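Before any comments, here is the structure.
Protein chains: 2
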Amino acid sequence: MDQVLAAVDAAIPAALERLFAFLRIPSISAQPAHAPDCRRAALWARDALAEMGFSARLAETSGHPAVIASHEGAGPDAPHVLFYGHYDVQPADPLDLWETDPFEPRLVEGPRGKRIVARGAVDDKGQVVSFMEACRAHLAVKGRLPVRLTILLEGEEENGSPSLDELLTREREALRADFVLVADTNMWDFATPAITTSLRGLAAMDVRVHGPSRDLHSGLFGGIALNPIHVLTRVLGELRDAQGRIRIPGFYEGVQPPPPGELAAWAALGFDAAAFLGEVGLRHPAGEADQPPLAQLWARPTAEVNGIYGGYQGEGSKTVIPAHATAKLTFRLVAGQDPARIQDGFAQFVTAALPPDARAEFTRGGAAPGYRLPEGAPFLRAAQAALAAEFGKPAALIGSGASIPVVEAFKTRLGLDTLLAGFGLDDDRIHAPNEKFELACFHRGARAHARLLAGFAARADRVPPP
Amino acid sequence: MDQVLAAVDAAIPAALERLFAFLRIPSISAQPAHAPDCRRAALWARDALAEMGFSARLAETSGHPAVIASHEGAGPDAPHVLFYGHYDVQPADPLDLWETDPFEPRLVEGPRGKRIVARGAVDDKGQVVSFMEACRAHLAVKGRLPVRLTILLEGEEENGSPSLDELLTREREALRADFVLVADTNMWDFATPAITTSLRGLAAMDVRVHGPSRDLHSGLFGGIALNPIHVLTRVLGELRDAQGRIRIPGFYEGVQPPPPGELAAWAALGFDAAAFLGEVGLRHPAGEADQPPLAQLWARPTAEVNGIYGGYQGEGSKTVIPAHATAKLTFRLVAGQDPARIQDGFAQFVTAALPPDARAEFTRGGAAPGYRLPEGAPFLRAAQAALAAEFGKPAALIGSGASIPVVEAFKTRLGLDTLLAGFGLDDDRIHAPNEKFELACFHRGARAHARLLAGFAARADRVPPP
Numbered sequence: 060m061d062q063v064l065a066a067v068d069a070a071i072p073a074a075l076e077r078l079f080a081f082l083r084i085p086s087i088s089a090q091p092a093h094a095p096d097c098r099r100a101a102l103w104a105r106d107a108l109a110e111m112g113f114s115a116r117l118a119e120t121s122g123h124p125a126v127i128a129s130h131e132g133a134g135p136d137a138p139h140v141l142f143y144g145h146y147d148v149q150p151a152d153p154l155d156l157w158e159t160d161p162f163e164p165r166l167v168e169g170p171r172g173k174r175i176v177a178r179g180a181v182d183d184k185g186q187v188v189s190f191m192e193a194c195r196a197h198l199a200v201k202g203r204l205p206v207r208l209t210i211l212l213e214g215e216e217e218n219g220s221p222s223l224d225e226l227l228t229r230e231r232e233a234l235r236a237d238f239v240l241v242a243d244t245n246m247w248d249f250a251t252p253a254i255t256t257s258l259r260g261l262a263a264m265d266v267r268v269h270g271p272s273r274d275l276h277s278g279l280f281g282g283i284a285l286n287p288i289h290v291l292t293r294v295l296g297e298l299r300d301a302q303g304r305i306r307i308p309g310f311y312e313g314v315q316p317p318p319p320g321e322l323a324a325w326a327a328l329g330f331d332a333a334a335f336l337g338e339v340g341l342r343h344p345a346g347e348a349d350q351p352p353l354a355q356l357w358a359r360p361t362a363e364v365n366g367i368y369g370g371y372q373g374e375g376s377k378t379v380i381p382a383h384a385t386a387k388l389t390f391r392l393v394a395g396q397d398p399a400r401i402q403d404g405f406a407q408f409v410t411a412a413l414p415p416d417a418r419a420e421f422t423r424g425g426a427a428p429g430y431r432l433p434e435g436a437p438f439l440r441a442a443q444a445a446l447a448a449e450f451g452k453p454a455a456l457i458g459s460g461a462s463i464p465v466v467e468a469f470k471t472r473l474g475l476d477t478l479l480a481g482f483g484l485d486d487d488r489i490h491a492p493n494e495k496f497e498l499a500c501f502h503r504g505a506r507a508h509a510r511l512l513a514g515f516a517a518r519a520d521r522v523p524p525p
Numbered sequence: 060m061d062q063v064l065a066a067v068d069a070a071i072p073a074a075l076e077r078l079f080a081f082l083r084i085p086s087i088s089a090q091p092a093h094a095p096d097c098r099r100a101a102l103w104a105r106d107a108l109a110e111m112g113f114s115a116r117l118a119e120t121s122g123h124p125a126v127i128a129s130h131e132g133a134g135p136d137a138p139h140v141l142f143y144g145h146y147d148v149q150p151a152d153p154l155d156l157w158e159t160d161p162f163e164p165r166l167v168e169g170p171r172g173k174r175i176v177a178r179g180a181v182d183d184k185g186q187v188v189s190f191m192e193a194c195r196a197h198l199a200v201k202g203r204l205p206v207r208l209t210i211l212l213e214g215e216e217e218n219g220s221p222s223l224d225e226l227l228t229r230e231r232e233a234l235r236a237d238f239v240l241v242a243d244t245n246m247w248d249f250a251t252p253a254i255t256t257s258l259r260g261l262a263a264m265d266v267r268v269h270g271p272s273r274d275l276h277s278g279l280f281g282g283i284a285l286n287p288i289h290v291l292t293r294v295l296g297e298l299r300d301a302q303g304r305i306r307i308p309g310f311y312e313g314v315q316p317p318p319p320g321e322l323a324a325w326a327a328l329g330f331d332a333a334a335f336l337g338e339v340g341l342r343h344p345a346g347e348a349d350q351p352p353l354a355q356l357w358a359r360p361t362a363e364v365n366g367i368y369g370g371y372q373g374e375g376s377k378t379v380i381p382a383h384a385t386a387k388l389t390f391r392l393v394a395g396q397d398p399a400r401i402q403d404g405f406a407q408f409v410t411a412a413l414p415p416d417a418r419a420e421f422t423r424g425g426a427a428p429g430y431r432l433p434e435g436a437p438f439l440r441a442a443q444a445a446l447a448a449e450f451g452k453p454a455a456l457i458g459s460g461a462s463i464p465v466v467e468a469f470k471t472r473l474g475l476d477t478l479l480a481g482f483g484l485d486d487d488r489i490h491a492p493n494e495k496f497e498l499a500c501f502h503r504g505a506r507a508h509a510r511l512l513a514g515f516a517a518r519a520d521r522v523p524p525p
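Line by line, the protein sequences give chains A and B.
Per our numbering, residue 60 is the first one in the first sequence, and the count goes up by one each step.
Per our numbering, residue 60 is the first one in the second sequence, and the count goes up by one each step.
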């Protein structure tokens, strides 16, 4: 292993040259004018992988092509890893806030040493190249990879992955593996690696409450006529009980508490809720009173009103009783909850609370369940050992309150669990001007990936326990 | 009296000619291009009154001029009536929905006989001329009016009366009287005259609930971060108790039940709440459960949310926790309630319900108290007798759920009560295309006004009891 790590270290200058070439391609997937650049970036990755000995090809979609590459590695009995990354990037605007050209990558001195500054530096080209460098070192030293490896690089991640389902369905055979490794996430902090073991899902739903058949004059009708804003606010106002629990029937059905070990690990992270909230002008955790702050963020579902509107919104006053009022909700879901069931439950909750003459109209939006890495999965234990060896301290096992749709898609379409272990930092300014990737993170990421690949291979029992 | 009524009857053809001349002037107060027409209409009224023997003049304001005219009538000991009307009209658009030119008045055959069709036919030129014809008949037959009379014709009523306060303050001496007579209201139905004895006032107030210092991602912050829409809906949802009573502290302070006689009279009106609500797609009275429907409309205050907004309002979903959410309220007030006190109470109610980290910002809007005609006012008893004599049945004593700001201004600025007795009908299409005034209403209105003037004069005890 030391030889492999030494090869990673020695190759850093060349690795940066390779990464910079990749970063110079403005592969902005959301902007049609950059479609040729997306294809160029896909071809760059395909060629780079082919030169390393992968069997690599473009997989065309109705949008930008994906890259699929595979390497036999240690042979048919070795664990089979599917690495997922994306070669496309966010738009670079506002351009005037960039200190240098977003597509002319540079090494800039920062408080933690040198940093790579460019659009895509960390999200996700830098993380992809970091992983490729780990493969390159294994191949250079050992002549083969310790695992069977398939690499999938998507070209539409920053544009909502419209072709992903089509791709996974069509390429199901080519993407066969034991589990997925995704490096599109962050470390806990500069010194501490992290593995994200749970993601929240999402179910969206709009409700419009109808009252009178037209807008009414609140003088001539006020008092006797039902006001749908009153109905909507009362119903939404009753969504939570005094302890902050959501009162939708069956809402918590299937919700499991995090494993005790994980809760203890979260407590050890020293998360400062007041500081976290202080950054956005708040101070007090507003979720369920009996749940610790990190559980409110990572382990508990929410019912969030993202928007509300009805009646008059202009200056001054208009004495109107509107015909309807609307709220737009999303529910953040955790593993075990059924999104359609939650949407049904919300509709039942609202409908049961309606007074005479009120009618509710529901519009269902996207729905995806939450995700939780199976406890004690062998590749998880292998990953913990590899990261601890590289960083000299255990990886933080963390959750994410947000969704990563691709993880859900791997589970649903391919039946695969996903290990999320990336080397970005929270201050990397992804999707923003002056995106950066600490050179140390790029470098240690490559070393950690080299250890991860070896660690996965060392596991004989690669099927997760029931 | 019979001679006076006969004079009214005989003059109808000439009265219509006079009214039509008045109606041909497009005195649209809201449109600056019609400012010269407003002045022309004011001059028309001034000249018409002067020809009848009034001392008449224009009273200039910072907007359109008013007309002030006075007649000594029966001398210094006679009751002194201030008649209020307005010569300005609403804009006529949408013009293509008019069957004929809105400023070319015509007599059209309708289900109740001939009707006058034009912009301003009933609101308020027709009602003003109807009153002037009553004066003309008295003057023709008796050579004098039975009361002292001051006439105030405003030119900005349809544009929010921006100069009214200025006018009442400056012309306070010229407008001295015992009470005000306003004919800008409707009959109960075609056969039944009405006196409006109460109006609701209005207090407007906006509340904005602030939460985080900026919009947040509901995945990364949802559950732990306070959502101001949740706070706003909960607070507004608690505005009413299960019986529909407003829970703002002190809200009902000073509210008096309608006089028992009036409640009985309302019951006798045969108001069909289901039919009234059925016109607008509703069926069930939505106010205080222990209040009859007409009391909900006329005698009870409301807390109405006229508008609400916060967060995302577009298509699809946006996973945002917004920084703030806003509601726009108006309170319809009844006599005895102090508007400023209600606004204070609402602010206290909201503030007391805020969770930690939430902050409420209030914007006070216009405020005017409700109005109730003093029970047993002598001019009221005189008016009841006069209307009963003309129509052969008692006048309905009704309320109005809306506000008439000028009535409030007369009370506040001049200390005068107002008798509201007009001869429009609910289907007269005021402010709408094809506005009309039934010729029978115009004619009976003039006869009723002639009786009212005589009736007022017959009262010796013209000061209302304490």
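Cβ coordinates follow ideal geometry from the N, Cα and C atoms, glycine included.
None of the values given here were measured: they were computed from a predicted structure.
query                                                                                                                                                                      : result
Can you find a C-beta in chain B that's less than 9 Å from the C-beta of Gly278(A)?                                                                                        : yes
Where does Pro95(B) land, buried or exposed, given buried means 16+ other C-beta within 10 angstroms?                                                                      : exposed
Taking the beta carbon of Asp520(A) as the centre, do at least 16 other beta carbons fall within 10 Å, making it buried, or is it exposed?                                 : Low confidence applies to Asp520(A): its pLDDT is 44, below 50, so where it sits in the model is not reliable, and the reading given next is rough at best. Exposed, since its Cβ has fewer than 16 Cβ neighbours within 10 Å.
How big is the Cα-Cα spacing for Ser569(B) and Gly260(A)?                                                                                                                  : Residue 569(B) cannot be examined here, being either before or after the span of chain B that is shown, 60 to 525.
Beta-carbon within less than 8 Å of Pro525(A)'s beta-carbon, same chain only, minus the 5 sequence neighbours each way: which residues are those?                          : In this predicted model, Pro525(A) has a pLDDT of only 37, less than 50, meaning its place in the structure is not dependable; the value taken from the coordinates is given anyway. Nothing listed; no residue qualifies.
With distances taken Cα to Cα, identify the nearest neighbour of Trp103(B) among Val187(B), Val181(B) and Asp68(B).                                                        : Val187(B)
Quick test of your reading: Arg235(B) and His139(B), contact by CB under 8 Å. State the CB separation rounded to the nearest angstrom.                                     : 7 Å
Of all the options Ala250(B), Arg207(B) and Trp157(B), which has the alpha carbon lying nearest to the alpha carbon of Leu328(B)?                                          : Ala250(B)
For His490(B), is the classification buried or exposed, using 16 other Cβ atoms within 10 angstroms of its Cβ as the cut-off for buried?                                   : exposed
Quick one: Cα of Gly451(B) to Cα of Thr410(A), how far?                                                                                                                    : 52 Å
Quick one: measure Cβ to Cβ for Tyr430(B) and Leu258(B), integer angstroms, because I've assumed they're closer than 8 Å.                                                  : 4 Å
Check this for me: beta carbons of Ala386(B) and His269(B), under 9 Å apart or not?                                                                                        : no
For a cutoff of 9 Å on Cβ pairs, would you count Gly481(B) as touching chain A?                                                                                            : no
Taking the straight line between their C-alpha atoms, what separation do you get for Leu117(A) and Pro287(A)?                                                              : 54 Å
Using a cut-off of 9 Å between C-beta atoms, extract the partners of Asp416(A) located in chain B.                                                                         : Leu336, Gly340, Leu341, Arg342, His343 and Ala345
Name the chain B residues whose beta carbon is nearer than 8 Å to that of Ser462(A)?                                                                                       : Gly278
Comparing alpha-carbon positions, which option in Asp248(B), Ile457(B), Glu494(B) and Trp247(B) lies nearest Pro571(B)?                                                    : Outside the displayed range of chain B (60 to 525) lies residue 571(B), so it cannot be described from this structure.
Closer than 7 Å by beta-carbon distance: list the chain B residues that pair up with Glu363(A), in chain order.                                                            : Ser277, Gly281, Asn286 and Ile380
Taking only runs that begin and end inside the segment 235 to 297 of chain B, name each unbroken beta strand (DSSP E) of 3 or more residues, in chain order.               : 238 to 241, 253 to 258 and 260 to 269
Would you kindly check if the distance between the Cβ of Asp476(A) and the Cβ of Leu432(A) is under 9 Å?                                                                   : yes
Secondary structure at Lys387(B), three-state DSSP: helix, strand or coil?                                                                                                 : strand
Candidates Asp61(A), Pro398(A) and Ser114(A): which alpha carbon is nearest Gln312(A)'s?                                                                                   : Inspection of the sequence shows that residue 312(A) is occupied by Glu rather than by Gln. Closest by alpha carbon: Pro398(A).
Taking beta-carbon pairs under 7 Å, can you tell me which members of the segment 348 to 362 of chain A lie near chain B?                                                   : Pro352, Gln355, Leu356, Arg359 and Thr361
Under a CB-based cut-off of 9 Å, is Ala332(B) close to chain A?                                                                                                            : yes
By the 8 Å beta-carbon criterion, what residues does the segment 292 to 303 of chain B contribute toward chain A?                                                          : Thr292, Arg293, Val294, Leu295, Gly296, Glu297, Leu298 and Arg299
Assuming Ala284(A) and Leu341(B) are in contact, meaning their beta carbons sit under 8 Å apart, how far apart are those beta carbons, in whole angstroms?                 : 6 Å
To the nearest angstrom, how far is the alpha carbon of Gly309(A) from that of Pro360(A)?                                                                                  : 12 Å
Using alpha carbons as the reference points, say which of Ile210(B), Gln315(B), Gln90(B) and Ala125(B) lies closest to Gly112(B).                                          : Ile210(B)
Are the segment 236 to 245 of chain B and the segment 317 to 325 of chain A touching by the rule of at least three beta carbon pairs closer than 8 Å?                      : no
Quick one: measure Cβ to Cβ for Ile254(A) and Ala426(A), integer angstroms, because I've assumed they're closer than 8 Å.                                                  : Not quite, the Cβ-Cβ distance comes to about 26 Å (not below 8 Å), so this is no contact.
Which first and last residues belong to the beta strand (DSSP E) in which His139(B) is found?                                                                              : His139 to His145
Show which residues of chain B have a CB atom less than 7 Å away from the CB atom of Thr389(A).                                                                            : Ser277, Ser376 and Thr378
Specify the secondary structure class of Phe515(A) as computed by DSSP and reduced to three states.                                                                        : helix
Should Val181(A) and Phe405(A) be called a contact, given that it needs their Cβ atoms to be closer than 9 Å?                                                              : no
Enumerate in chain order the residues of its own chain whose CB-to-CB distance from Ser88(A) is below 7 Å, with the five nearest sequence positions on each side excluded. : Cys97, His123, Asp147, Gly214, Glu215, Glu217 and Asn218
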